[in-house]
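Asker:
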Amino acid sequence: MKLSSSTIRLIIPAASLALLLAAVFYMQPRAMSYTGLNLLFNLAVPIALATIAQMLIMAVNDLDLSMGTFVSFCACVAATLLQTSPATGILIFLGAIAVYAAIGVVIHVRQLPSIVVTLGMSFVWGGLAVLMLPSPGGSAPVWARWLMTAKPPIVPMAIVASILIAAVTHFIVMRSSFGVVVRGVGGNDRSVERAGWSVIRLRAATYALAGFFAVLSGIALVGLTTSADANIALRYTLLSIAGVILGGGEFVGGKVSPIGAVIGALTLTLAGSFLSFMRISPDWQIGAQGAILVVVLALRLALNRLETREKTQ
Amino acid sequence: MITAHERQEVVAARGIRVTFGAVKALDGADLVIHSGECLGLVGHNGAGKSTIVNVINGGLTPHEGTVSYSGSTDAHGIATARANGVRCVFQELSLCPNLTVNENTRIMHAGLKGWNWRARALKLVEAQLAEVFPGHRIDCDSTVDDLSIAERQMVEIAISFAGTDQPPKLVILDEPTSSLDAGLAAQLMAYIRRFVGKGGSVLLISHILGEILSTCDRVVVMKDGRVVADRQASEFSTRTLVEAMGNVVREQEWQRAVDKPSGTPVLSMPPRRGRGLSFEAYRGEMIGFAGLGGHGQTQALLDLYLSRNSNWWPSRAEELAFVAGDRSLNGTFPLWSILKNLSIASLGGLSSRSLVDAGREKALGAGWKQRIEIRTPDMDNRILSLSGGNQQKVLFARALATTARTVLMDDPMRGVDVGTKQEVYDILRSEAATGRTFVWYSTEMDEIRLCDRVYVFREGAIVAELVGDEITEKNVLASSFAAGEAA
Numbered sequence: 001m002k003l004s005s006s007t008i009r010l011i012i013p014a015a016s017l018a019l020l021l022a023a024v025f026y027m028q029p030r031a032m033s034y035t036g037l038n039l040l041f042n043l044a045v046p047i048a049l050a051t052i053a054q055m056l057i058m059a060v061n062d063l064d065l066s067m068g069t070f071v072s073f074c075a076c077v078a079a080t081l082l083q084t085s086p087a088t089g090i091l092i093f094l095g096a097i098a099v100y101a102a103i104g105v106v107i108h109v110r111q112l113p114s115i116v117v118t119l120g121m122s123f124v125w126g127g128l129a130v131l132m133l134p135s136p137g138g139s140a141p142v143w144a145r146w147l148m149t150a151k152p153p154i155v156p157m158a159i160v161a162s163i164l165i166a167a168v169t170h171f172i173v174m175r176s177s178f179g180v181v182v183r184g185v186g187g188n189d190r191s192v193e194r195a196g197w198s199v200i201r202l203r204a205a206t207y208a209l210a211g212f213f214a215v216l217s218g219i220a221l222v223g224l225t226t227s228a229d230a231n232i233a234l235r236y237t238l239l240s241i242a243g244v245i246l247g248g249g250e251f252v253g254g255k256v257s258p259i260g261a262v263i264g265a266l267t268l269t270l271a272g273s274f275l276s277f278m279r280i281s282p283d284w285q286i287g288a289q290g291a292i293l294v295v296v297l298a299l300r301l302a303l304n305r306l307e308t309r310e311k312t313q
Numbered sequence: 314m315i316t317a318h319e320r321q322e323v324v325a326a327r328g329i330r331v332t333f334g335a336v337k338a339l340d341g342a343d344l345v346i347h348s349g350e351c352l353g354l355v356g357h358n359g360a361g362k363s364t365i366v367n368v369i370n371g372g373l374t375p376h377e378g379t380v381s382y383s384g385s386t387d388a389h390g391i392a393t394a395r396a397n398g399v400r401c402v403f404q405e406l407s408l409c410p411n412l413t414v415n416e417n418t419r420i421m422h423a424g425l426k427g428w429n430w431r432a433r434a435l436k437l438v439e440a441q442l443a444e445v446f447p448g449h450r451i452d453c454d455s456t457v458d459d460l461s462i463a464e465r466q467m468v469e470i471a472i473s474f475a476g477t478d479q480p481p482k483l484v485i486l487d488e489p490t491s492s493l494d495a496g497l498a499a500q501l502m503a504y505i506r507r508f509v510g511k512g513g514s515v516l517l518i519s520h521i522l523g524e525i526l527s528t529c530d531r532v533v534v535m536k537d538g539r540v541v542a543d544r545q546a547s548e549f550s551t552r553t554l555v556e557a558m559g560n561v562v563r564e565q566e567w568q569r570a571v572d573k574p575s576g577t578p579v580l581s582m583p584p585r586r587g588r589g590l591s592f593e594a595y596r597g598e599m600i601g602f603a604g605l606g607g608h609g610q611t612q613a614l615l616d617l618y619l620s621r622n623s624n625w626w627p628s629r630a631e632e633l634a635f636v637a638g639d640r641s642l643n644g645t646f647p648l649w650s651i652l653k654n655l656s657i658a659s660l661g662g663l664s665s666r667s668l669v670d671a672g673r674e675k676a677l678g679a680g681w682k683q684r685i686e687i688r689t690p691d692m693d694n695r696i697l698s699l700s701g702g703n704q705q706k707v708l709f710a711r712a713l714a715t716t717a718r719t720v721l722m723d724d725p726m727r728g729v730d731v732g733t734k735q736e737v738y739d740i741l742r743s744e745a746a747t748g749r750t751f752v753w754y755s756t757e758m759d760e761i762r763l764c765d766r767v768y769v770f771r772e773g774a775i776v777a778e779l780v781g782d783e784i785t786e787k788n789v790l791a792s793s794f795a796a797g798e799a800a
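Which chain is which? The protein sequence lines are A and B, in order.
Our numbering puts the first residue of the first sequence at 1, with every later residue one more than the last.
Our numbering puts the first residue of the second sequence at 314, with every later residue one more than the last.
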């Protein structure tokens, strides 16, 4: 059977994750346990959710530079209002999702570059987060804490959650007809429009769904850390973009892969632990993390080139 | 024979006026399509064909005039047109390249809802492909990206003809055969006749007049935004059709360079893939790459270009210029003005101390505008404000304005009208006379006949070389098919 190009796309991220995992286990055999795996991948869950949100935005050829501040804002809401008065908290989250939909509409109607709009929004979310929680603090809602620290049998929660996220979003984005049309907007929005679909509505729905996953990311993050501060997730903007690209997605053309995105998020998290196990000083860690990214992406380019060469022969 | 007025009107556009700024795209055009007929629409680039198609399919609201679907004028828009069974295959391919064939079918057919739509979409498109193009060998689970340009066009045509609950009433085909080879085009034309025979209607836009005359019942000729002729196809011949469009039919035979080329070749290439003939081009020659579409001609052109340049460290190749075939993919800079699009390749010569001399750039633009008649009031307009043929002219001017002595052309005349083609042919001839060499891949026989020497490609290798009077359709076809018949 001939491998489809989307399967080939998944090989590199999966292989790099397996390789990193093998290296970590080799250096620290004790990580090869229930607790070890949970510790390794715990922080990957919110990153995976943020990566999925970013992936949805990238599926319609846009980019969200406010992901980090938005997740921070959601974490602040989750640590304060959602815990003290859940109804208000949920209302705020619904409002935030509506704002995301509105951003999608504005970007589409005014033909604005999404980078500019979301960069502007990142300051809005950042400001709101500081208003919610001027100094680090707050506490996680009990159910979020319970969910993130649950101990299912055999497989640790972090892994279960990652698989669940990948499966659900794979169904939404790759299998459902909503996902097909969304990716169609990324591939060729004019033809989707000519076929009678409302691209404004599609973009609004995509942004709203992305907002929803970002909200989940914020709640999951608070569930893990038990408290929040206004700058808790600033790294997520670039991490989420790197996760999507690492997982085989592309910036334009609606080529995305939810499974790949989750794998990408896991790989990024693992790269950090790997470097700590290597006893690389924190001063060098960010650079080394970048080097890992470069290697993986170079591998993918090489594979793409091989694929096109095969096609022309 | 049933006369037109006895049949039911499917779509009628009457007295349509559309203006884009100062340009009158449509100036009171009428177009009525009845059920059970194939209507041919011909005209120059910029005559208003694409505009009237956009009005009919609801993408464009006319500034004046009425559009009625099955006699009712109540509503207008894309949704109304689709609800009335109007489907459109556009000139530029309009599938989503990142989706699979069946996912594209889902996008085009809103009726494929609910559980298990994938399997139903697959069945629908496979059945339709088999009906239009028997023996097509397209895997409908593969991504459109992985298909060749001809296969994409086949898929798009099949998707448009397919019907979920009811078959389409009117299918508009805008240059459907531009990327198909002769065999596939014949299959499509035969299918159109069957479709029309069952009561459907087709609006066929093509620059290949033979197709129009053999397939259509009625032919409408447009010129400058108006309908200038509307008659039964049987009353037209190629000559009268071209005359109605406003072109004078010219003798296409050229005085070929009779002398056997001599001296050192300006470009050469060893036999490709270790078989067939080697390639050589001499100064002032016009060389054609013929054969069925997709048999390695484009790759050969790219290899020729790379033979003078490096894939690792590309530099500006001074002696070679390339005219791309796929305008939107690798030809135009869509956000730039016409002038910028034209001058990009010769900026080095136009600048002093690495600053572009705006005066000289303008002069270059004005010169080429006059020489190849780019139809625009202002060279500072966006390139996309031009019709397809005029965009292509700009791309030609871009290559010819450079100092390059050799020009490689990758089927550049796709979807360009007869008049424009004749103008470009004249320019090419005069340039060749001054010693420029042209290597020209074309899928059209008329263009191949213009060349001094022709290499016929089959399965990635050059299988025949035809010189002078040997260049005939018969010989080219014979060389393109020879192995298939022997096997």
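Yeah, the Cβ is synthetic: ideal placement off N, Cα and C, and Gly gets one too.
Roughly how far, in whole angstroms, is the beta-carbon of I485(B) from the beta-carbon of L516(B), given that I think they are within contact range, below 8 Å?
Answerer: 4 Å
Asker: Of all Cβ atoms in chain A, is any one closer than 9 Å to the Cβ of K436(B)?
Answerer: no
Asker: Pull out every residue of the stretch 177 to 202 of chain A whose Cβ sits closer than 8 Å to any Cβ of chain B, in chain order.
Answerer: S177, V180, V181, R183, G184, G186, G187, N188, R190, S191, V192, E193, R194, A195, G196, W197
Asker: Counting contacts by CB-CB distance shorter than 9 Å, is S6(A) in contact with chain B?
Answerer: yes
Asker: Who are the near neighbours of M726(B) in its chain, counting only those whose CB is closer than 8 Å to its CB and skipping five residues on each side?
Answerer: Take M726(B), set aside five residues on each side of it, and the residues of its chain with a beta-carbon closer than 8 Å to its own are Q705, K734, V737, S755, E757, E760, in chain order.
Asker: From this set, M599(B), S698(B), S793(B), F751(B), which residue's C-alpha is nearest F333(B)'s C-alpha?
Answerer: Taking only the C-alpha atoms, the option nearest F333(B) is S698(B).
Asker: Could you say if the stretch 137 to 144 of chain A and the stretch 9 to 22 of chain A meet the contact criterion of at least three C-beta pairs nearer than 8 Å?
Answerer: no
Asker: From E695(B) to L406(B), what does the alpha carbon distance come to, in whole angstroms?
Answerer: The question names Glu, but residue 695(B) in the sequence shown is Arg. Cα to Cα, the separation comes out at about 21 Å.
Asker: Taking C-beta pairs closer than 7 Å, name the residues in chain A that L412(B) reaches, listed in chain order.
Answerer: V180, R183, G184, G187
Asker: Where do the N-terminal and C-terminal ends of the beta strand (DSSP E) with L354(B) fall, by residue?
Answerer: 351 to 356
Asker: Is the separation between the beta-carbon of N411(B) and that of V468(B) shorter than 9 Å?
Answerer: no
Asker: Using CA coordinates, which residue listed in A676(B), T393(B), R539(B), G361(B) is at the minimum distance from G372(B)?
Answerer: Looking at the Cα atoms, T393(B) is the closest of the given residues.
Asker: Residues of chain B with CB under 8 Å from K255(A), in chain order?
Answerer: N411
Asker: Looking at the unbroken alpha helix (DSSP H) that takes in T149(A), where does it start and where does it end?
Answerer: 142 to 149
Asker: Ordered along the chain, which non-local residues of its own chain (more than five positions away) have a Cβ less than 6 Å from that of M722(B)?
Answerer: Within its own chain, the residues whose Cβ lies closer than 6 Å to the Cβ of M722(B), once the five positions on either side in sequence are excluded, are V636, W753, listed in chain order.
Asker: For Q83(A), count neighbouring Cβ atoms within 10 angstroms of its own Cβ and tell me buried if that reaches 16, exposed if not.
Answerer: buried
Asker: Just to confirm my understanding: we take T528(B), look at its own chain, exclude 5 residues before and 5 after, and list those with CB closer than 7 Å. What are they?
Answerer: C351, M502, I505, R506, L517
Asker: Residues in the same chain with beta-carbon distance under 7 Å from K151(A), minus the five sequence neighbours each way, listed in chain order, please.
Answerer: M157
Asker: With burial defined as no fewer than 16 other Cβ atoms inside 10 Å of the residue's Cβ, what is the status of V561(B): buried or exposed?
Answerer: Residue placement at V561(B) is poorly supported in this model, since its pLDDT is 45, which falls under 50; the coordinates still yield a value, given next. By the neighbour-count rule (16 or more Cβ atoms within 10 Å), V561(B) is not buried but exposed.
Asker: Beta-carbon separation of L10(A) and G248(A) under 9 Å?
Answerer: yes
Asker: Could you check where the beta strand (DSSP E) with F123(A) kicks off and where it finishes?
Answerer: Note, F123(A): premise wrong, no beta strand (DSSP E); alpha helix (DSSP H) at 114 to 132.
Asker: What is the DSSP secondary structure of A676(B), reduced to helix, strand or coil?
Answerer: Assigned with DSSP and collapsed to three states, A676(B) falls in helix.
Asker: Check whether the stretch 77 to 95 of chain A touches the stretch 246 to 266 of chain A, taking contact to mean three or more Cβ pairs, one atom from each stretch, closer than 8 Å.
Answerer: no
Asker: What's the C-alpha gap between V729(B) and T7(A)?
Answerer: 39 Å
Asker: Apart from the five residues just before and just after F397(A), which ones in its own chain have a Cβ nearer than 7 Å to its Cβ?
Answerer: In the structure as shown, chain A begins at 1 and stops at 313. Residue 397(A) is therefore absent and cannot be evaluated.
Asker: Going by DSSP, name the residue or residues bridged to L486(B).
Answerer: V402(B), L517(B)
Asker: Would a C-beta distance cut-off of 9 Å place D537(B) and K682(B) closer than the cut-off?
Answerer: no
Asker: List the residues of chain A that K426(B) touches, going by C-beta distances under 8 Å, in chain order.
Answerer: S177
Asker: Count the other CB atoms within 10 Å of the CB of F403(B); is the residue buried (16 or more) or exposed (fewer)?
Answerer: buried
Asker: How many angstroms separate the CA atom of S276(A) from the CA atom of T269(A)?
Answerer: 11 Å
Asker: Is the beta carbon of A48(A) sitting closer than 9 Å to the one on A214(A)?
Answerer: no
Asker: Quick check: the Cα distance between S656(B) and A717(B), rounded to an integer number of angstroms?
Answerer: 14 Å
Asker: DSSP state of Q545(B), grouped into three classes?
Answerer: strand
Asker: Which residues in the same chain have their Cβ closer than 7 Å to the Cβ of A286(B), if we skip the five residues on either side of it in sequence?
Answerer: Here chain B covers residues 314 to 800 and nothing more, so residue 286(B) does not appear.
Asker: Within 10 Å of its beta-carbon, does P583(B) have 16 or more other beta-carbons around it, so buried, or fewer, so exposed?
Answerer: exposed
Asker: Find the residues of chain A that neighbour I420(B), judging by a C-beta separation of less than 8 Å, and give them in chain order.
Answerer: Proximity of chain A to I420(B) at the Cβ level (cut-off 8 Å) is accounted for by V180, V181, G184, S191, V192, A195, W197, in chain order.
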